[in-house]
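Residue numbers (this note's numbering): -15 to 156. A short worksheet on the structure shown next.
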Amino acid sequence: MSQSGDTSRRVEVHPGKEAVVEFDPELTFECVEECTWCCHHGVLLYEPDFLELANCASLSEATTQVRGEDFIRKEEKDREDHVGEDGEACFFLRDDGLCSLHAEEDWKPARCSVFPLSVSVEDGDIHVSVRDSAHEHCEGLNVSERRVVDHLDAFLPAVLWDLDDPETRREL
């Protein structure tokens, strides 16, 4: 299980579905109003998310395909806040800084649930860490009492274990 100096440990996230956690178990996270850092990356759509999105929006308007993978489109936004350095953000990011999918449909793609974490696969196991860039840009880290390790089921949808490749480091 854990080796000397290694902080990783196995955690059951959903019944029968474990992840190897590679971050400080004391880490806390809570979304912070006005922080839309996670909306600047382009959202990879796993097949179940792509099918679900079809119930919420026009796929031809909202998605693009890059390197054979489906993503939610990024678009230029007419404002200075809530956008990335390129002036773009997620197609579904509203002017008020909220996600229209989450706010109006009570749904979000698996990739969005995972932020600010990162998923990789090693030796058939799902490994979970904190995205390197999150330490610099995510305002929700360590601002609450909500320990990430105690709420992994909210960050890691069960569908991740059913995917051929749940790797989250792929970006638009």
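Ideal placement from N, C-alpha and C gives every residue a C-beta, glycine not left out.
Environment of residue i [buried if 16+ CB atoms lie within 10 Å]
i, result
"H135", "exposed"
"L29", "buried"
"G108", "exposed"
"H119", "exposed"
"V67", "buried"
Nearest to residue i (by Cα), restricted to the options the options
i, options, result
"E151", "C74, N126, S113", "S113"
"D137", "I56, A38, R(-7), P(-1)", "P(-1)"
"N39", "E89, V67, V143, L125", "E89"
"P100", "E14, R(-6), A3", "E14"
"R131", "C96, E69, F7, L37", "F7"
"L37", "H24, V50, F55, I110", "F55"
"V27", "I110, V143, A94", "A94"
Beta-bridge pairing of residue i - partner residues as DSSP gives them
i, result
"C19", "DSSP lists no partner for C19."
For residue j and residue i, believed in contact at Cβ under 8 Å, the rounded distance
i, j, result
"E59", "F75", "6 Å"
"T12", "E129", "6 Å"
"D70", "V105", "No, D70 and V105 are not in contact; Cβ-Cβ is about 29 Å, not under 8 Å."
Exercise. Which whole runs of the alpha helix (DSSP H) in the stretch 90 to 130 are 4 residues long or more, in chain order?
Worked result: 94 to 98, 118 to 121
For this session: Please specify which runs of the beta strand (DSSP E), each continuous and at least 3 residues long, are wholly inside the stretch 24 to 70, giving them in chain order.
Result: 47 to 50, 53 to 56, 58 to 60
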